[in-house]
Structure formats: C-alpha cells, structure tokens
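Taking the UniProt record's numbering, the leading residue of the sequence shown gets 1, the next gets one more, and so forth. In this text, a Cβ means the ideal position worked out from N, Cα and C, and glycines have one as well. On a predicted model such as this, the values are computed, not experimentally measured, just so you know.
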Amino acid sequence: MSTLPSQRWGYIRIITGTIAGGILGFYVMYRTENFYKAKWDERLKKYEEDKLKKEKTQLESEDTLFITDDSRSQQSSNE
C-alpha cells in the first residue's frame with residue numbers, strides 16, 4: 001500500500017515546519033542572548049567606572065586629610 005499524495009504532502013509540511021521552527025527558534029534565542037550580554041557588559045562597564053571614580057575621590061579626600069593633618073602638626077611643633 002502506498003501513501004496518498006496528500007498524506008505525503010502532509011509529512012513534508014510537518015518536517016519542513018519542524019526544521020524551519022527550530023532554525024527560527026535558535027536564531028531568536030541567539031539574538032536575545034547577544035542583546036542581553038551586551039546590555040550587561042554595558043552595565044558592568046558603567047559600574048566599574050563609577051567604582052573607580054569613588055575610589056579616586058576617596059583617595060583624594062584621604063590625601064587631603066593627611067596633608068591638613070601634617071600642616072597642623074608642623075604648625076604646632078613650630079610654636
């Protein structure tokens with residue numbers, strides 16, 4: 001018994017749809033992952049820049065504190 005032409009056409013449609021759906025799904029997930037990764041890389045870069053700024057300002061404020069303490073100690077020793 002051979003299969004009917006309409007049944008064969010149905011199998012072809014199912015197989016083609018499955019393959020095309022898999023390719024489309026893979027492509028969509030690939031694009032989503034790349035977008036998500038780029039977004040988080042940008043956030044990480046911004047976070048690192050902010051962290052470096054905070055550390056730099058903290059070091060500058062500590063340096064200023066030491067300089068003012070040194071100048072006070074020198075003034076008191078001179079008197």
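Under the three-state DSSP convention, the category residue i falls into
i, result
"Leu24", "helix"
"Thr32", "helix"
"Leu59", "helix"
"Thr3", "coil"
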